[in-house]
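As C-alpha coordinates, the structure follows; a few thoughts come after it.
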Amino acid sequence: MISHIKKMYSSTIFPLLLLLTILSLGVLTPIITMVIFGAILAYYVRFIARKIKPYVKYDTLAVVLGMIILAIPIALLLYFTIIQLLSISGALLGSLQQATADNSTMNLNSINDAVQNLGLSPSVSGNIADAIKSGILQLLSAITNSIITIASSIPALAAQILILIFSIFYFARDGGKIVRYIKDVVPDKDKDFYREVIKGADDVLKSIIVGNIIPAAILGLLSGVVYYFLGYPYVILLAIVSGIAMFIPIIGPWIVYGVIGLFSILTGNTAQGVLLIFFGWIIETTTDFYIRPRISVRYSEVHPLVFLLGFIYGAVTMGIPGLFIGPLILGITYAAYKVYRQERVKSKAQDKKA
(Lines of atoms letter the chains of each structure in order from A and count residues from 1; the text may use other names and numbers.)
(Lines give C-alpha, C1' and ligand atoms only; values in the text may rest on other atoms or scores of the structure.)
Protein backbone atom coordinates (compact mmCIF):
# COMPACT_ATOMS: atom_id res chain seq x y z
CA MET A 1 0.00 0.00 0.00
CA ILE A 2 2.80 2.42 0.92
CA SER A 3 4.73 1.60 -2.24
CA HIS A 4 1.58 2.22 -4.28
CA ILE A 5 1.16 5.64 -2.66
CA LYS A 6 4.80 6.49 -3.33
CA LYS A 7 4.43 5.45 -6.95
CA MET A 8 1.30 7.57 -7.40
CA TYR A 9 3.01 10.49 -5.67
CA SER A 10 6.03 10.32 -7.97
CA SER A 11 3.79 10.11 -11.03
CA THR A 12 2.17 13.45 -10.20
CA ILE A 13 5.38 15.39 -9.65
CA PHE A 14 6.31 16.13 -13.26
CA PRO A 15 2.76 17.09 -14.36
CA LEU A 16 2.62 19.46 -11.39
CA LEU A 17 6.02 20.94 -12.22
CA LEU A 18 4.97 21.32 -15.85
CA LEU A 19 1.75 23.08 -14.86
CA LEU A 20 3.57 25.44 -12.50
CA THR A 21 6.16 26.18 -15.16
CA ILE A 22 3.48 27.06 -17.72
CA LEU A 23 1.69 29.31 -15.21
CA SER A 24 4.96 31.01 -14.29
CA LEU A 25 5.79 31.65 -17.94
CA GLY A 26 2.32 33.12 -18.36
CA VAL A 27 3.00 35.54 -15.54
CA LEU A 28 6.46 36.44 -16.88
CA THR A 29 5.52 36.68 -20.57
CA PRO A 30 5.41 40.52 -20.69
CA ILE A 31 8.90 40.77 -19.19
CA ILE A 32 10.48 37.46 -20.15
CA THR A 33 12.67 39.06 -22.82
CA MET A 34 14.21 41.48 -20.33
CA VAL A 35 14.71 38.72 -17.77
CA ILE A 36 16.55 36.55 -20.31
CA PHE A 37 18.51 39.55 -21.54
CA GLY A 38 19.43 40.33 -17.93
CA ALA A 39 20.66 36.75 -17.45
CA ILE A 40 22.85 37.08 -20.55
CA LEU A 41 24.32 40.42 -19.46
CA ALA A 42 24.85 38.96 -15.99
CA TYR A 43 27.26 36.47 -17.58
CA TYR A 44 29.53 39.36 -18.56
CA VAL A 45 29.03 41.13 -15.25
CA ARG A 46 30.11 37.96 -13.43
CA PHE A 47 33.25 37.86 -15.58
CA ILE A 48 34.10 41.45 -14.63
CA ALA A 49 33.17 40.85 -10.97
CA ARG A 50 35.56 37.88 -10.77
CA LYS A 51 38.37 40.14 -11.94
CA ILE A 52 37.44 42.74 -9.31
CA LYS A 53 36.78 40.33 -6.42
CA PRO A 54 40.44 40.06 -5.25
CA TYR A 55 40.42 43.82 -4.59
CA VAL A 56 37.11 44.17 -2.75
CA LYS A 57 35.70 42.50 0.34
CA TYR A 58 32.11 41.71 -0.61
CA ASP A 59 30.68 39.77 -3.56
CA THR A 60 27.76 42.19 -3.84
CA LEU A 61 30.13 45.15 -4.18
CA ALA A 62 32.08 43.34 -6.88
CA VAL A 63 28.85 42.69 -8.80
CA VAL A 64 27.75 46.33 -8.48
CA LEU A 65 31.14 47.55 -9.69
CA GLY A 66 30.96 45.08 -12.57
CA MET A 67 27.56 46.47 -13.57
CA ILE A 68 28.93 50.02 -13.42
CA ILE A 69 31.94 49.12 -15.57
CA LEU A 70 29.67 47.43 -18.11
CA ALA A 71 27.34 50.46 -18.11
CA ILE A 72 30.09 53.08 -18.65
CA PRO A 73 30.54 52.52 -22.44
CA ILE A 74 26.75 52.49 -22.90
CA ALA A 75 26.42 55.72 -20.89
CA LEU A 76 29.16 57.40 -22.94
CA LEU A 77 27.49 56.40 -26.20
CA LEU A 78 24.17 57.76 -24.97
CA TYR A 79 25.83 60.98 -23.77
CA PHE A 80 27.57 61.79 -27.06
CA THR A 81 24.50 60.76 -29.04
CA ILE A 82 22.14 62.96 -27.04
CA ILE A 83 24.54 65.94 -27.05
CA GLN A 84 24.93 65.90 -30.83
CA LEU A 85 21.22 65.22 -31.39
CA LEU A 86 20.40 68.27 -29.28
CA SER A 87 22.88 70.30 -31.33
CA ILE A 88 21.31 69.13 -34.58
CA SER A 89 17.82 69.76 -33.22
CA GLY A 90 18.76 73.33 -32.29
CA ALA A 91 20.24 74.00 -35.72
CA LEU A 92 17.25 72.42 -37.46
CA LEU A 93 14.79 74.39 -35.37
CA GLY A 94 16.62 77.61 -36.18
CA SER A 95 16.56 76.77 -39.90
CA LEU A 96 12.85 75.98 -39.81
CA GLN A 97 12.09 79.22 -37.99
CA GLN A 98 14.12 81.17 -40.55
CA ALA A 99 12.33 79.40 -43.38
CA THR A 100 8.97 80.23 -41.84
CA ALA A 101 9.98 83.88 -41.44
CA ASP A 102 10.86 83.94 -45.12
CA ASN A 103 7.43 82.46 -46.04
CA SER A 104 9.13 79.34 -47.34
CA THR A 105 8.49 75.73 -46.41
CA MET A 106 12.16 74.74 -46.48
CA ASN A 107 15.38 76.26 -47.75
CA LEU A 108 16.33 73.51 -50.20
CA ASN A 109 17.29 75.54 -53.25
CA SER A 110 20.47 73.49 -53.57
CA ILE A 111 18.33 70.44 -54.34
CA ASN A 112 16.51 72.38 -57.07
CA ASP A 113 19.84 73.38 -58.60
CA ALA A 114 21.21 69.82 -58.39
CA VAL A 115 18.13 68.35 -60.11
CA GLN A 116 18.15 71.00 -62.83
CA ASN A 117 21.81 70.19 -63.55
CA LEU A 118 20.73 66.68 -64.58
CA GLY A 119 19.62 68.11 -67.94
CA LEU A 120 16.01 66.99 -67.69
CA SER A 121 13.00 68.95 -68.87
CA PRO A 122 11.76 71.68 -66.48
CA SER A 123 8.56 69.79 -65.66
CA VAL A 124 10.40 66.54 -64.86
CA SER A 125 13.04 68.42 -62.81
CA GLY A 126 10.30 70.21 -60.88
CA ASN A 127 8.50 66.93 -60.13
CA ILE A 128 11.71 65.28 -58.92
CA ALA A 129 12.62 68.25 -56.72
CA ASP A 130 9.12 68.36 -55.25
CA ALA A 131 9.25 64.62 -54.55
CA ILE A 132 12.57 65.00 -52.74
CA LYS A 133 11.27 67.91 -50.68
CA SER A 134 8.11 66.00 -49.85
CA GLY A 135 10.22 63.02 -48.76
CA ILE A 136 12.32 65.21 -46.47
CA LEU A 137 9.21 66.75 -44.92
CA GLN A 138 7.71 63.31 -44.39
CA LEU A 139 10.96 62.16 -42.79
CA LEU A 140 10.90 65.11 -40.39
CA SER A 141 7.27 64.36 -39.59
CA ALA A 142 8.12 60.71 -38.95
CA ILE A 143 10.98 61.71 -36.65
CA THR A 144 8.66 64.02 -34.73
CA ASN A 145 6.05 61.28 -34.37
CA SER A 146 8.73 58.84 -33.23
CA ILE A 147 9.89 61.27 -30.56
CA ILE A 148 6.31 61.67 -29.33
CA THR A 149 5.85 57.89 -29.29
CA ILE A 150 9.08 57.39 -27.35
CA ALA A 151 8.10 60.10 -24.86
CA SER A 152 4.71 58.45 -24.30
CA SER A 153 6.35 55.07 -23.72
CA ILE A 154 8.87 56.33 -21.16
CA PRO A 155 7.02 54.84 -18.12
CA ALA A 156 6.87 51.37 -19.70
CA LEU A 157 10.48 51.70 -20.85
CA ALA A 158 11.56 52.71 -17.34
CA ALA A 159 9.83 49.63 -15.90
CA GLN A 160 11.58 47.40 -18.44
CA ILE A 161 14.96 48.96 -17.62
CA LEU A 162 14.33 48.48 -13.90
CA ILE A 163 13.51 44.81 -14.47
CA LEU A 164 16.65 44.47 -16.58
CA ILE A 165 18.85 46.01 -13.86
CA PHE A 166 17.45 43.78 -11.09
CA SER A 167 17.73 40.71 -13.36
CA ILE A 168 21.38 41.48 -14.09
CA PHE A 169 22.17 42.00 -10.41
CA TYR A 170 20.52 38.87 -9.05
CA PHE A 171 21.66 36.58 -11.86
CA ALA A 172 25.21 37.89 -11.48
CA ARG A 173 25.22 37.56 -7.70
CA ASP A 174 23.38 34.23 -7.42
CA GLY A 175 24.45 32.62 -10.69
CA GLY A 176 26.53 30.02 -8.88
CA LYS A 177 23.54 28.97 -6.77
CA ILE A 178 21.40 28.61 -9.88
CA VAL A 179 23.99 26.36 -11.53
CA ARG A 180 24.27 24.20 -8.39
CA TYR A 181 20.48 23.93 -8.22
CA ILE A 182 20.32 22.75 -11.82
CA LYS A 183 23.05 20.20 -11.15
CA ASP A 184 21.06 18.83 -8.21
CA VAL A 185 17.89 18.50 -10.31
CA VAL A 186 19.48 16.90 -13.38
CA PRO A 187 19.72 13.06 -13.20
CA ASP A 188 23.25 11.70 -12.84
CA LYS A 189 23.08 9.81 -16.13
CA ASP A 190 22.37 13.06 -18.02
CA LYS A 191 24.99 15.27 -16.32
CA ASP A 192 27.66 14.70 -18.97
CA PHE A 193 25.21 15.77 -21.67
CA TYR A 194 24.25 18.97 -19.83
CA ARG A 195 27.87 19.69 -19.00
CA GLU A 196 28.73 19.74 -22.70
CA VAL A 197 25.66 21.84 -23.51
CA ILE A 198 26.61 24.38 -20.82
CA LYS A 199 30.14 24.47 -22.23
CA GLY A 200 28.64 25.17 -25.65
CA ALA A 201 26.48 27.95 -24.17
CA ASP A 202 29.58 29.46 -22.57
CA ASP A 203 31.32 29.52 -25.95
CA VAL A 204 28.26 31.05 -27.60
CA LEU A 205 28.03 33.81 -24.98
CA LYS A 206 31.69 34.67 -25.53
CA SER A 207 31.26 34.76 -29.27
CA ILE A 208 28.07 36.87 -29.05
CA ILE A 209 29.80 39.77 -27.33
CA VAL A 210 32.87 39.44 -29.51
CA GLY A 211 30.86 38.91 -32.68
CA ASN A 212 28.54 41.87 -32.06
CA ILE A 213 30.19 44.62 -30.07
CA ILE A 214 33.72 44.46 -31.45
CA PRO A 215 32.70 44.46 -35.15
CA ALA A 216 30.23 47.30 -34.49
CA ALA A 217 32.96 49.29 -32.70
CA ILE A 218 35.41 48.66 -35.54
CA LEU A 219 32.85 49.70 -38.15
CA GLY A 220 31.90 52.82 -36.19
CA LEU A 221 35.55 53.82 -35.74
CA LEU A 222 36.42 53.33 -39.41
CA SER A 223 33.24 55.11 -40.47
CA GLY A 224 34.13 58.05 -38.22
CA VAL A 225 37.52 58.32 -39.91
CA VAL A 226 35.86 58.36 -43.34
CA TYR A 227 33.28 60.97 -42.26
CA TYR A 228 36.06 63.16 -40.84
CA PHE A 229 38.29 63.11 -43.93
CA LEU A 230 35.32 63.64 -46.27
CA GLY A 231 34.36 66.76 -44.31
CA TYR A 232 31.02 65.72 -42.84
CA PRO A 233 29.75 67.47 -39.70
CA TYR A 234 28.73 65.66 -36.50
CA VAL A 235 31.37 62.98 -37.04
CA ILE A 236 30.93 61.36 -33.61
CA LEU A 237 27.16 61.02 -34.01
CA LEU A 238 27.46 59.62 -37.53
CA ALA A 239 30.09 57.12 -36.36
CA ILE A 240 27.89 55.98 -33.45
CA VAL A 241 24.81 55.68 -35.66
CA SER A 242 26.79 53.70 -38.26
CA GLY A 243 28.04 51.29 -35.61
CA ILE A 244 24.56 50.84 -34.13
CA ALA A 245 23.08 50.41 -37.60
CA MET A 246 25.19 47.30 -37.99
CA PHE A 247 22.67 45.57 -35.70
CA ILE A 248 19.81 46.30 -38.13
CA PRO A 249 18.97 43.07 -39.97
CA ILE A 250 19.76 42.87 -43.71
CA ILE A 251 20.13 46.66 -44.27
CA GLY A 252 22.81 47.31 -41.68
CA PRO A 253 24.91 50.50 -41.94
CA TRP A 254 23.77 51.03 -45.54
CA ILE A 255 20.80 52.89 -44.10
CA VAL A 256 23.38 55.51 -43.04
CA TYR A 257 25.87 55.35 -45.90
CA GLY A 258 23.17 55.27 -48.56
CA VAL A 259 21.06 58.13 -47.24
CA ILE A 260 23.98 60.46 -46.52
CA GLY A 261 25.78 59.57 -49.76
CA LEU A 262 22.71 60.11 -51.95
CA PHE A 263 21.89 63.37 -50.17
CA SER A 264 25.44 64.59 -50.79
CA ILE A 265 25.15 63.72 -54.49
CA LEU A 266 21.77 65.45 -54.85
CA THR A 267 23.05 68.59 -53.14
CA GLY A 268 25.97 68.88 -55.55
CA ASN A 269 28.73 67.17 -53.51
CA THR A 270 29.01 64.29 -55.98
CA ALA A 271 32.59 63.26 -55.18
CA GLN A 272 31.89 63.32 -51.45
CA GLY A 273 28.78 61.16 -51.77
CA VAL A 274 30.37 58.65 -54.17
CA LEU A 275 33.45 58.27 -51.96
CA LEU A 276 31.29 57.74 -48.87
CA ILE A 277 29.27 54.99 -50.58
CA PHE A 278 32.45 53.36 -51.91
CA PHE A 279 34.37 53.39 -48.62
CA GLY A 280 31.20 52.46 -46.73
CA TRP A 281 30.83 49.39 -48.95
CA ILE A 282 34.45 48.39 -48.22
CA ILE A 283 34.04 48.88 -44.45
CA GLU A 284 30.68 47.10 -44.24
CA THR A 285 31.76 44.16 -46.41
CA THR A 286 35.03 43.66 -44.56
CA THR A 287 33.43 43.91 -41.14
CA ASP A 288 30.30 41.87 -41.78
CA PHE A 289 31.65 39.09 -43.98
CA TYR A 290 35.21 38.72 -42.71
CA ILE A 291 35.85 40.15 -39.25
CA ARG A 292 32.60 39.16 -37.50
CA PRO A 293 32.41 35.51 -38.67
CA ARG A 294 36.10 34.90 -37.94
CA ILE A 295 36.16 36.28 -34.41
CA SER A 296 32.78 34.72 -33.59
CA VAL A 297 33.76 31.23 -34.67
CA ARG A 298 37.10 31.64 -32.90
CA TYR A 299 35.23 31.28 -29.61
CA SER A 300 32.75 28.64 -30.70
CA GLU A 301 32.39 25.74 -33.10
CA VAL A 302 28.85 26.81 -33.96
CA HIS A 303 28.40 27.32 -37.69
CA PRO A 304 28.43 31.01 -38.80
CA LEU A 305 24.99 30.53 -40.41
CA VAL A 306 23.55 29.77 -36.98
CA PHE A 307 24.87 33.09 -35.68
CA LEU A 308 23.65 34.98 -38.74
CA LEU A 309 20.12 33.57 -38.40
CA GLY A 310 20.18 34.26 -34.67
CA PHE A 311 21.26 37.87 -35.17
CA ILE A 312 18.69 38.57 -37.87
CA TYR A 313 15.59 36.82 -36.62
CA GLY A 314 16.39 37.41 -32.96
CA ALA A 315 16.40 41.15 -33.63
CA VAL A 316 13.24 40.95 -35.74
CA THR A 317 11.25 39.06 -33.09
CA MET A 318 12.69 40.54 -29.88
CA GLY A 319 14.33 43.83 -30.80
CA ILE A 320 17.78 44.78 -29.46
CA PRO A 321 17.79 42.01 -26.77
CA GLY A 322 17.19 39.53 -29.57
CA LEU A 323 20.67 40.26 -30.92
CA PHE A 324 21.93 38.34 -27.89
CA ILE A 325 19.02 36.00 -27.15
CA GLY A 326 18.57 34.75 -30.72
CA PRO A 327 22.15 33.50 -31.26
CA LEU A 328 22.19 32.08 -27.72
CA ILE A 329 19.06 29.99 -28.27
CA LEU A 330 20.16 28.74 -31.68
CA GLY A 331 23.71 28.17 -30.43
CA ILE A 332 22.57 26.10 -27.45
CA THR A 333 20.20 24.12 -29.68
CA TYR A 334 23.06 23.47 -32.10
CA ALA A 335 25.34 22.38 -29.24
CA ALA A 336 22.65 20.10 -27.77
CA TYR A 337 22.06 18.29 -31.06
CA LYS A 338 25.79 18.04 -31.63
CA VAL A 339 26.36 16.40 -28.25
CA TYR A 340 23.34 14.13 -28.77
CA ARG A 341 24.69 13.05 -32.16
CA GLN A 342 28.11 12.30 -30.68
CA GLU A 343 26.53 10.18 -27.97
CA ARG A 344 24.45 8.29 -30.54
CA VAL A 345 27.49 7.64 -32.75
CA LYS A 346 29.46 6.47 -29.73
CA SER A 347 26.62 4.21 -28.60
CA LYS A 348 26.27 2.65 -32.06
CA ALA A 349 30.03 2.05 -32.22
CA GLN A 350 29.94 0.29 -28.86
CA ASP A 351 26.97 -1.85 -29.96
CA LYS A 352 28.86 -2.98 -33.07
CA LYS A 353 31.90 -3.97 -31.00
CA ALA A 354 29.64 -5.91 -28.64
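Residue numbers (full-length UniProt numbering): 1 to 354. Built from N, CA and C at the ideal position, the CB exists for glycine as well.
Cα-Cα separation, residue i to residue j
i: G280; j: Q272; result: 12 Å
i: T33; j: L162; result: 13 Å
i: S24; j: D192; result: 28 Å
i: D174; j: Y290; result: 37 Å
i: L19; j: I329; result: 23 Å
i: P54; j: A62; result: 9 Å
i: E343; j: P187; result: 17 Å
i: A42; j: T267; result: 48 Å
i: T270; j: G258; result: 13 Å
i: V225; j: L86; result: 22 Å
i: G322; j: Q160; result: 15 Å
i: F263; j: G220; result: 20 Å
i: Y340; j: R292; result: 28 Å
i: P15; j: K338; result: 29 Å
i: F324; j: I74; result: 16 Å
i: D59; j: I178; result: 16 Å
i: V27; j: L77; result: 34 Å
i: A131; j: A156; result: 37 Å
i: E196; j: L308; result: 23 Å
i: N145; j: I31; result: 26 Å
i: P253; j: R294; result: 20 Å
i: S223; j: T285; result: 13 Å
i: N107; j: F278; result: Because the pLDDT at N107 is just 49, under 50, the model does not fix this residue reliably, and the value given afterwards should be weighed accordingly. Distance between the alpha carbons of N107 and F278 is about 29 Å.
i: A142; j: V306; result: 35 Å
i: D190; j: Y232; result: 59 Å
i: I165; j: Y194; result: 28 Å
i: I198; j: D288; result: 28 Å
i: Q350; j: N212; result: 42 Å
i: K346; j: G200; result: 19 Å
i: A158; j: T29; result: 17 Å
i: residue 355; j: S152; result: As shown, the chain starts at 1 and ends at 354. That puts residue 355 outside it, with no answer to give.
i: I22; j: K348; result: 36 Å
i: N127; j: I251; result: 28 Å
Contact belief for residue i with residue j at Cβ below 8 Å, rounded distance in angstroms
i: G310; j: M318; result: That pair is no contact at about 11 Å.
i: I240; j: T81; result: 5 Å
i: L275; j: I260; result: No, L275 and I260 are not in contact; Cβ-Cβ is about 11 Å, not under 8 Å.
Contacting residues, own chain, Cβ-Cβ under 8 Å from residue i (five flanking each side not counted)
i: L65; result: I48, A49, I52 and V56
i: I320; result: F247
i: G176; result: none
Same chain, Cβ closer than 7 Å to residue i, five either side skipped, listed in chain order
i: Q84; result: Y234, I236 and L237
i: L230; result: Q272, L275 and L276
i: I209; result: Y44
i: L96; result: Only weak support is given to the placement of L96: the predicted model assigns it a pLDDT of 49, under 50, and the question is left unresolved by the model.
i: I154; result: none
i: N103; result: Bear in mind that a pLDDT of 43 at N103, under 50, signals an unreliable position, so the model cannot answer this.
Residues of its chain near residue i, where Cβ-Cβ distance is below 6 Å and the 5 sequence neighbours each way are ignored
i: I265; result: G273
i: V149; result: Looking at the sequence shown, residue 149 is not Val but Thr. So the list is empty, once near-sequence residues are dropped.
i: Y227; result: V235 and L238
i: K352; result: none
**Item:** Segment contact, 8 Å Cβ cut-off, at least three pairs: the segment 306-316 with the segment 181-196
**Value:** Flag = no, the segment 306-316 and the segment 181-196 do not touch.
**Request:** Please determine if the segment 242-258 and the segment 203-223 are in contact, where contact requires at least 3 C-beta pairs separated by less than 8 Å.
**Result:** yes
**Stretch pair the segment 324-339 + the segment 196-206: three plus CB contacts closer than 8 Å** = yes
**Asked** Quick check: the segment 68-79 against the segment 41-49, are there 3 or more CB pairs under 8 Å?
**Response** yes
**Prompt:** Are three or more beta carbon pairs between the segment 162-170 and the segment 27-38 nearer than 8 Å?
**Reply:** yes
**Request:** Note down, one range per segment and in chain order, each alpha helix (DSSP H) of at least 4 residues found wholly within the segment 206-257.
**Result:** 235-245
**Completely contained alpha helix (DSSP H) runs for the segment 168-206, where each covers 4 or more residues** = none
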